[in-house]
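The next block holds one structure in the form of structure tokens; read it before the comments.
Numbering (the working numbering), first residue to last: 40 to 284.
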């Protein structure tokens, strides 16, 4: 089976201003490179990926093209046309936009470019493919219930099917939370447009997963090891301190 990887990098990361006033979060320094580098390295180990698409906003697209030329990585840079935070399309609109640039028979591997993880992306894909034609979401166990309130909280049954998903709830259903790492088999990708047609919120991809859990079978794959969601100056400093140079 063939896979198209979609790297979501069209946000403006206003919570990180002034660091991201003139550059994408994905291109912030990290060790000897930038945040995007280890994500692309993890993707290189996934078998079956025939196309890699990175969705940028118009404001930062040339910076990503310069990064691509320098790294010489096989990534196609897409411009979603937005020029300001107020014009941003939202993650699910950007996934749908990227979907138009690939073959309809391809499964989609969706990666947020502000997610850093120590576990094997190839292992996640291997487990997710066992659940085809249903979607799968990578999960992480938060250190506390309070920490879980900052993310999309989930609950699984004994078969790993998600039976609850609540985006940033003050009372999460468990300590397990969803990461912006998704496997969408081709058979269910039409649900993206259905969600948009019904007026679903496109701002955070978790809202689509919340909707999908109500309408379809979705599986969670708990991945071991460290995970970092770079959303604030504090979390960025933590990553700078803890990630290997």
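A virtual CB, placed ideally from N, CA and C, is assigned to each residue, including glycine.
Item                                                                                                                                           : Value
Reference residue 94; option with closest CA among 73, 152, 82                                                                                 : 152
C-alpha distance - residue 235 paired with residue 139, whole-angstrom precision                                                               : 15 angstroms
4-residue-minimum alpha helix (DSSP H) runs that sit fully inside the stretch 171–205, ordered along the chain                                 : 184–187
Cβ pair residue 244, residue 134 closer than 9 angstroms                                                                                       : yes
Assigned secondary structure, residue 282 (DSSP; H/G/I helix, E/B strand, else coil)                                                           : coil
CB of residue 131 within 9 angstroms of CB of residue 220, strictly                                                                            : no
Spatial neighbours of residue 59 in its chain, beta-carbon cut-off 8 angstroms, leaving aside the 5 residues before and after                  : 51, 52, 53, 67
Spatially closest choice to residue 119 from 105, 97, 106, by CA coordinates                                                                   : 97
Which of helix, strand or coil DSSP assigns to residue 120                                                                                     : coil
Contacts around residue 250, its chain only, beta-carbon distance under 7 angstroms, and the 5 residues preceding and following it disregarded : 234, 239
Enclosing beta strand (DSSP E) for residue 146 [first to last residue]                                                                         : 146–151
Same chain only: Cβ atoms within 8 angstroms of residue 263, ignoring 5 sequence neighbours per side                                           : 158
Beta-carbon spacing of residue 41, residue 91 below 9 angstroms                                                                                : no
Where residue 165 falls: helix, strand or coil (DSSP)                                                                                          : helix
The stretch 106–126 touching the stretch 177–193, judged by at least three CB pairs closer than 8 angstroms                                    : no
Of the listed residues 237, 280, 214, nearest to residue 190 (C-alpha basis)                                                                   : 214
Distance CB(residue 193)-CB(residue 186) smaller than 9 angstroms                                                                              : no
Local conformation of residue 229 per DSSP, three classes                                                                                      : helix
For residue 247, the three-state DSSP class (helix, strand or coil)                                                                            : helix
As assigned by DSSP and simplified to three states, the class of residue 41                                                                    : coil
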